[in-house]
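Here the structure is laid out as structure tokens; the discussion comes afterwards.
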Amino acid sequence: MIKAEILKLNLPPVILALIGALGVSGLLAFAKAGLAPVIYAQAGFVVLGVVAVTSEYQGRQIYVTLTAMPRRVTQHLSKLVALSIVAAPTAVLVVLVGRVSEGAVYLVLTTLISASVASVVRRSIPAVAGLLIYYFIISPLLHDRTSLPGTIGYVMWTVLAVGISTALFRLRDA
Numbered sequence: 001m002i003k004a005e006i007l008k009l010n011l012p013p014v015i016l017a018l019i020g021a022l023g024v025s026g027l028l029a030f031a032k033a034g035l036a037p038v039i040y041a042q043a044g045f046v047v048l049g050v051v052a053v054t055s056e057y058q059g060r061q062i063y064v065t066l067t068a069m070p071r072r073v074t075q076h077l078s079k080l081v082a083l084s085i086v087a088a089p090t091a092v093l094v095v096l097v098g099r100v101s102e103g104a105v106y107l108v109l110t111t112l113i114s115a116s117v118a119s120v121v122r123r124s125i126p127a128v129a130g131l132l133i134y135y136f137i138i139s140p141l142l143h144d145r146t147s148l149p150g151t152i153g154y155v156m157w158t159v160l161a162v163g164i165s166t167a168l169f170r171l172r173d174a
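Numbering (the UniProt record's numbering), first residue to last: 1 to 174.
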């Protein structure tokens, strides 16, 4: 199941999101922008999470997926595991470029939160717009942007987002 989900992630928008995240972080690291490579690369990971989920809804391919795999919870969690497998190496590269130790975990969790929001919203543009507004406007106003959020707290928010999206996916897409 996870292998099938990884194969479905071989879409041009997914690949472009990964390349964009690496490109932005590389440019910012070259400019010696401190935490900026991780903070700004998260936009690519937001897009990655959203596109990975909403692409199936836009082409109505979700119905084929759900017919082939009627166990909704297993299917949804397999997609999130596959997304983590794809996002993790890119996140590690971003962190190596930006030299921020816990940044890779943060970027993978950002991808999972984004995929969870996209699963609830089911539309690319509202999901990406809402997440980018939160990450780049609301969050900086609420938190000190000189450091990454606490890992434990961010893991808890990710677990909550995944739990809500999994429950809604199971109920709505039955």
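All C-beta atoms in this analysis are idealised placements derived from N, C-alpha and C, irrespective of residue type, glycine included. Bear in mind the structure is a predicted one, so any value in this text is a computation, not a measurement.
- The region 84-96 and the region 107-116 touch, with no fewer than 3 CB-CB distances between them shorter than 8 Å.
- Val-53 and Val-73 have their C-alpha atoms some 14 Å from each other.
- Comparing C-alpha distances from Ile-164 to each of Pro-126, Val-120, Gly-23 and Tyr-154 shows the shortest one belongs to Val-120.
- For Gln-42, the enclosing alpha helix (DSSP H) stretches over residues 36-58.
- Taking the Cα positions, Val-95 is about 16 Å away from Gly-150.
- Met-156: member of the alpha helix (DSSP H) spanning 151-172, first to last residue.
- Rounded to the nearest whole angstrom, the CA to CA distance from Pro-12 to Gly-23 is 16 Å.
- Scanning the region 1-31 for uninterrupted alpha helix (DSSP H) segments of 4 residues or longer gives 2-8 and 12-30, listed from N- to C-terminal end.
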